[in-house]
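To keep things clear, I will list the structure first and then write my remarks on it.
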Amino acid sequence: MFKLLAIISVILIAFTFANAEITSVVQTGKQIVVTYTPGTISWIEQSLVLQGAKTNIKPYCTNNGSSPVTCTLPSVPACDSVRFLGFSGIGGPTFDFVFPIQCTVVA
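The numbers in the numbering used here rise by one with no breaks, and the one at position 18 of the sequence shown is 88.
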């Protein structure tokens, strides 16, 4: 019985993390909203990327431990993607999400 429960748990966990991704990024003026799955991730890094150069936006982002993350920036630089790096908990997997977006530059 224990083996069956362990196998089902591993399959369920693997299926959950296999579908982990940023599902959408929406920019409205100086605000960027990032929606992702699974719903609970602790973020270590949040950045906008332009040709490999990262701009740290973490100080401007709010997230109560669940999706979505809302970032209200003082100005929006040019970017070609959004990169989030985080983990699901102690001993859990690390997530490195990159999502393509063409930022509208707002001074």
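Using N, Cα and C, we set each Cβ at its ideal position, and we do this for glycine too.
Legend entry - Which of helix, strand or coil DSSP assigns to residue 124: strand
Legend entry - DSSP state of residue 129 mapped onto helix, strand, coil: helix
Legend entry - Nonlocal neighbours in the same chain, by C-beta distance under 6 Å from residue 96, ignoring five residues either side: 103
Inset, instruction - Rounded to whole angstroms, what's the CA-CA distance from residue 133 to residue 94? Just pull it up for me. - result: 15 Å
Inset, instruction - Grab me the residues of residue 142's own chain with a C-beta within less than 7 Å of its C-beta, minus the 5 sequence neighbours each way, in chain order. - result: 100, 101, 130
Legend entry - For residue 150, the residue or residues it bridges with in DSSP: None; residue 150 has no bridge partner.
Legend entry - residue 106 and residue 151 closer than 8 Å at C-beta: no
Inset, instruction - Below 7 Å CB to CB, which residues in the same chain sit around residue 90 once its five sequence neighbours on both sides are set aside? - result: 107, 108, 165
Inset, instruction - Count the other C-beta atoms from every protein chain shown that fall within 10 angstroms of the C-beta of residue 156, then say buried if there are 16 or more, exposed otherwise. - result: buried
Legend entry - Closest residue to residue 177 among 149, 144, 158, 167 (Cα-Cα distance): 144
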